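Q: Count along the sequence shown from 1, then add 440; that gives the number in the working numbering. First the structure, which I've put down as structure tokens, then a few questions once you've had a look.
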Amino acid sequence: MSERAAPFYCPYCGDEDLRPSEAGHGAWDCAACNRAFKLSFLGLLARGTASPKEAPSDD
Ligand SMILES: [Zn+2]
């Protein structure tokens with residue numbers, strides 16, 4: 441796992457002219473709309489990890 445993932449489009453104007461920002465890791469500057477934004481990994485989704493809890497408990 442690395443933090444090399446790069447956005448392809450600006451989430452604000454949709455332009456592709458993104459450059460890595462000096463603000464830090466995951467920060468990008470959009471040359472088209474002059475916005476700076478940051479991408480961050482929040483965590484894994486809980487979906488798909490449900491474990492079966494239907495085991496019969498009567499013995
Ligand atoms: Zn933009």
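Note that the Cβ used here is the ideal one computed from N, Cα and C, for glycine as well. Everything numeric in this text was worked out from a predicted model, so none of it was measured.
Arginine 459 lies in the beta strand (DSSP E); which residues open and close that run?
A: Here the question's residue 459 lines up with position 19 in the sequence shown. From DSSP, the beta strand (DSSP E) with arginine 459 extends over 458–460.
Q: Measuring CA to CA, which of Cys473, Asp498, Ala463 is closest to aspartate 457?
A: Here residue 457 corresponds to residue number 17 of the sequence shown, with the count starting at 1. Measuring from the Cα of aspartate 457, the nearest candidate turns out to be Cys473.
Q: Which word fits cysteine 453, buried or exposed, when buried means at least 16 other C-beta atoms lie within 10 angstroms of its C-beta?
A: Locating residue 453 in the sequence shown gives position 13, counting from the first residue. Classification of cysteine 453: exposed, given that the 10 Å Cβ count is below 16.
Q: Could you tell me whether any non-hydrogen atom of ligand 1 is closer than 8 Å to the CB of alanine 463?
A: Translated into the one-based positions of the sequence shown, residue 463 becomes position 23. The answer is no for alanine 463.
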